[in-house]
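Chemist: First residue of the sequence shown? That's 1 in full-length UniProt numbering, and the numbers climb one at a time after it.
The beta-carbon is built from N, C-alpha and C at its ideal position, and this holds for glycine as well.
Remember, it's a predicted structure, so these values are computed and weren't measured experimentally.
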Amino acid sequence: MNKSNIIRIHPAFRIMALAEPPGGTIPQWITPEVLNMFIFHELRPLSAVEELKIVQHLYPNSVKPMKRLVAVTKKLRESTDIYLNSLAPSLSTRQLLRISKRLDKYPDSDFYSIVNKACLSQFLPQLTKQMLEKTLYSCSIQPVFENVQDSSITCKYDNDNLTIGNTTITRYKTSASSKVPDILFYDLPQHLKQLEIMLQDFVLGEHLLLVGNQGVGKNKLVDRFLQLVNRPREYIQLHRDTTVQSLTSQQTVIDGVLKIEDSPLVKAVKNGYVLVIDEADKAPAHVTCVLKNLVETGNMRLADGRQIISNANIVNDDTVIVLHPDFRMIVLANRPGFPFLGNNLFSTLGDVFSCHIVDNPSRESETQLLKSYGPDVSPEVIDQVIAAFGDLRQLFDQNLVSYPYSTREAVNIIKHLQIYPQDTLLDAIRNVFDFDCFSKEAQEVITNVLNKHKLPIKLSPWAGPTQKKNLQITVEKESGLDVSSPKHGKVDEKNEPHVGGNTWAGGTGGRDTAGLGGKGGPYRLDAKHKVFQVSDAEKDAVPEHVKEAARQMGQKAYKERLKEIEMTEYDDKVYNEYSLPVKNQVQALRVILNSLQAKSQERQWVKHQTSGELDDSKLIEGVIGERSIYRKRGNVDPQIGAPQLKPKRLRFIVDVSGSMYRFNSYDGRLDRELEAVIMVMEALSGFEDKISYDIVGHSGETECLKFVDKSNPPTDNKRRLDVIKKMHAHTQFCMAGDNTLQSVVYAQKFLEAERADFDEAIIILLSDANLSRYNIRPDRLAAALNMSEDVQSFAIFIGSLGDQADVLTKSLPAGKGFVCMDLKNIPQIIQQIFMSSIMSVF
């Protein structure tokens, strides 16, 4: 058998496989043929009591604060909210033990800051971040405001010792001094505090992961850190084409001969250097998972057959590389998501590294830094630059600009002025912002901010959504009188309140006439008075012939109103009442839409496989020992940030039922909906290649009343104003009733029929939460939202009597329902809707 190159399997041979269960975003990773060849054992997660017991045994000094953190972890794991529940892996058992270890060694550490770093809370969507804050506060984990000034922290070092703040260590002794970074670095209080925290984790034996926006100084911090601790480093930068082969070996041509050399990773492992991995979020997920295995187990198999192991007892074996005890890894990555479009490295590697968020310096630290780079630059100019960049960063946090303008750009402006003092400030600024002139929206926002801090230009005051109005008070009232025939009623020129009766138009609690709170009238008419409401029983007792007469009269008035709308000239004042309050939200939504990426899967060749058809493009790699030289046909998820080849299909279903008009004076729900529709139409203008949208309405009379057609969306303010006028008219003249469920079901069937033509299909229902009045249970709405696998459906409740909306949202599937009583949250909600849709694939 040996001569035939056949190797007999030893009878004691066994395979033990470790894996996470499939489900959610994790695909089915094992085929049915292989499935029945394994005996499965499920390892259940540790309970909160068991985790506390382990903490108490290993790190008894940290038990008190850890009880609070374990309580937070329990709430996250049991949460029905999809976004809050997604934070639970950030506080895994491994992460809890790491935090316990730190608190045991450094009991004065900022507990609140440690927990937020573990969850990477600074980069969470705004709504998710608020929910996390609320959960932390409920478990008494709150920020501690110290009186000690940041400027009190110092850094001292000599040949033997290093002291940063209150942390002192012995500096590393090395003969490879040429590999120790030596850079220009200005010690800022904020950076020194960051370096002290990194130093503490380094002392505890942790590998570090630094996450931050581009240009905040991650590389500078790491180089300064290694310079202070006197540790030699190896450096590698990853990219989208990085493979496991290139991560572990590098090919060079010497005198025409191809030679394989050890990569920086292998050199660092052998010699005990610090491996700095830059742009780690750009590499494919299967490559970065190799790093996770190395950090977790200390073991790694190389492409040439050698193996890295952590067992130091093995000697004189060329096939084995012993992991040096001084080896450390520092990984640098940009924040997940737009505009950097890298992989979400934190979700893959987060709990095996000690994570650090690197942010822009505070105003005081940044002032000190810019003065160091530009000692001859006017302090007034430095203050102007810092103030402008502070505003731009706030706009980025609000999604009003797409790029997080960092310290790097501010430093470049000051360095330019320092080196070329004859240039104007405008010349220096253009070097940074010229690229943004290609985006009209970005150019307008940036110009306003820069002019605000350079020139005495007064900007228009911001108007909040839905100006304050008097709330309408509803009083229950029994009429006791019969209805006769519906009519409009007389118009009171003095607009005095009229209660009961059947004479005046705009009265309340009456009969036959147009008004609010009464019975038998043809349609609704709000004269802005206190409402006296007759009971539902009285309204139900109205004879059918009277109801039919009222319905016909309402339909006639509605048709006349539609004709009037079509013939009315554009009224800029009316349009601005709904447009100006949501101007900032439109800009935020446009920034979010710019970040949309492809979701649809395509069947294509999957490369870098260990079995399948030989890939002709990898013949040379096969000769030198690479195993992943095959390819297979399969469904491939698009890369994060991949451009859309097909537009996304979006349908907005708006509530135009009578309750929107009736209760508008109570909570402004109709005005809020009209503003939301204006926001959507303005934001989507110009994105026709990315999003094909339409807007339909539902009421007691119809399940699908078209206001905007996907083939002809409104492109000017006149048409947009006509849309909201028609919506308002329908709420006034339609008959009572509800078709919410029917509208969702109809929309899903309609979008399913055209799903193949689009990247993905999404339905967003804008409605009040007044469903219980029509005996619509939350489980029926939940079933309607989840009816289709090909169409994602969501509900945003913009009107509520009491806690109706909150109760209804909690009853819906996680991530399917949102409550929005403030329109400034609409962009964040729509962003989360798009994110949850993308998460269903990635």
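1. Helix, strand or coil: which one does DSSP assign to A769?
2. For L589, collect the residues of the same chain with a Cβ closer than 7 Å to its Cβ; drop the 5 residues on either side in sequence, then sort them by chain order.
3. Considering only the alpha carbon of each residue, which of Q126, N712, F663 and G658 lies closest to F733?
4. State the start and end residues of the unbroken beta strand (DSSP E) segment that holds C155.
5. Since I believe G217 is in contact with I357 (beta carbons under 8 Å), could you give me their beta-carbon distance rounded to a whole number of angstroms?
6. What is the residue span of the alpha helix (DSSP H) that Q200 lies within?
7. Give the single residue among A769, I592 and Y575 whose Cα lies nearest to the Cα of D655.
8. With Q251 as the anchor, note down where its beta strand (DSSP E) starts and where it stops.
9. Apart from the five residues just before and just after Y83, which ones in its own chain have a Cβ nearer than 6 Å to its Cβ?
10. So what does K259 bridge to, in DSSP terms?
11. Could you spell out where the beta strand (DSSP E) holding N161 opens and where it closes?
12. State the DSSP-derived secondary structure class of K556, mapped to helix, strand or coil.
13. Would you identify the three-state DSSP class for H608, choosing helix, strand or coil?
14. Take T73 and list the residues in its own chain whose beta-carbon comes closer than 6 Å to its own, dropping the five residues that flank it on each side.
15. If contacts are defined as beta-carbon pairs under 8 Å, then L781 and E675 qualify, I think. What distance do you get, rounded to the angstrom?
16. Leaving out five residues on either side along the sequence, give the residues of the same chain with a beta carbon under 6 Å from the beta carbon of I277.
17. From T163 to V807, what distance separates their C-alpha atoms?
18. Report yes if the C-beta distance between V269 and F327 is below 7 Å; otherwise report no.
19. Would you tell me roughly how many angstroms separate the C-alpha atoms of I413 and P404, rounded to the nearest one?
20. Measure the alpha-carbon distance for S479 versus N399 and round it to whole angstroms.
21. I want to know whether the segment 607-621 touches the segment 720-738 - three or more CB-CB distances under 8 Å.
22. Would I763 and S811 be called neighbours here (beta carbons separated by less than 7 Å)?
23. In three-state DSSP terms, what is E544?
24. Name, in chain order, the residues that DSSP records as bridge partners for A795.
25. Indicate whether the contact test is met: 3 or more Cβ pairs, each with one atom in the segment 218-231 and one in the segment 177-189, closer than 8 Å.
26. Based on the DSSP secondary-structure assignment, which residues constitute the bridge partners of residue 862?
27. Quick one: measure Cβ to Cβ for E247 and V290, integer angstroms, because I've assumed they're closer than 8 Å.
28. Between D391 and V432, how many whole angstroms is the CB-CB distance? I'm expecting something under 8 Å.
29. Inspect the beta-carbon positions of P189 and I153 and report whether they are closer than 7 Å.
30. In its own chain, which residues sit with a C-beta less than 7 Å from the C-beta of A280, not counting the 5 before and 5 after it?
31. Tell me which same chain residues have a C-beta within less than 6 Å of the C-beta of R94, skipping the five on either side of it?
32. Just the C-alpha distance for I39 and A19, rounded to the nearest angstrom, thanks.
33. Just checking my contact of R301 with T319 at CB under 8 Å: how many whole Å lie between their CB atoms?
34. Could you name the residues of the same chain whose beta carbon sits closer than 6 Å to that of F225, not counting the 5 residues immediately before and after it, in chain order?
35. DSSP puts R301 in a beta bridge; with which residues?
36. Identify which residue in K193, H698 and I308 has its Cα closest to the Cα of H742.
Modeler: So, from the data block:
1. coil
2. M679, A683, P827 and I830
3. G658
4. C155 to Y157
5. The Cβ separation is near 12 Å, so there is no contact.
6. P189 to V203
7. A769
8. S249 to I254
9. T128
10. T252
11. N161 to I164
12. helix
13. strand
14. L91
15. That pair is no contact at about 24 Å.
16. I236 and V331
17. 55 Å
18. yes
19. 16 Å
20. Because the pLDDT at S479 is just 49, under 50, the model does not fix this residue reliably, and the value given afterwards should be weighed accordingly. Their Cα atoms are separated by approximately 52 Å.
21. no
22. no
23. helix
24. L765 and G817
25. yes
26. Summary: the structure shown does not reach residue 862, with the chain confined to residues 1 through 842, and so no result is reported for it.
27. This sequence places Leu at residue 247; Glu is not what is there. The Cβ separation is near 6 Å, so the contact holds.
28. That pair is no contact at about 15 Å.
29. yes
30. L238, T288, V331, L332, A333 and L345
31. D351
32. 13 Å
33. With a Cβ gap of about 10 Å, R301 and T319 do not count as contacting.
34. L195 and M198
35. Q307
36. Note that residue 742 is Gln in the sequence shown here, rather than His. For Q742, the nearest C-alpha among the options comes from H698.
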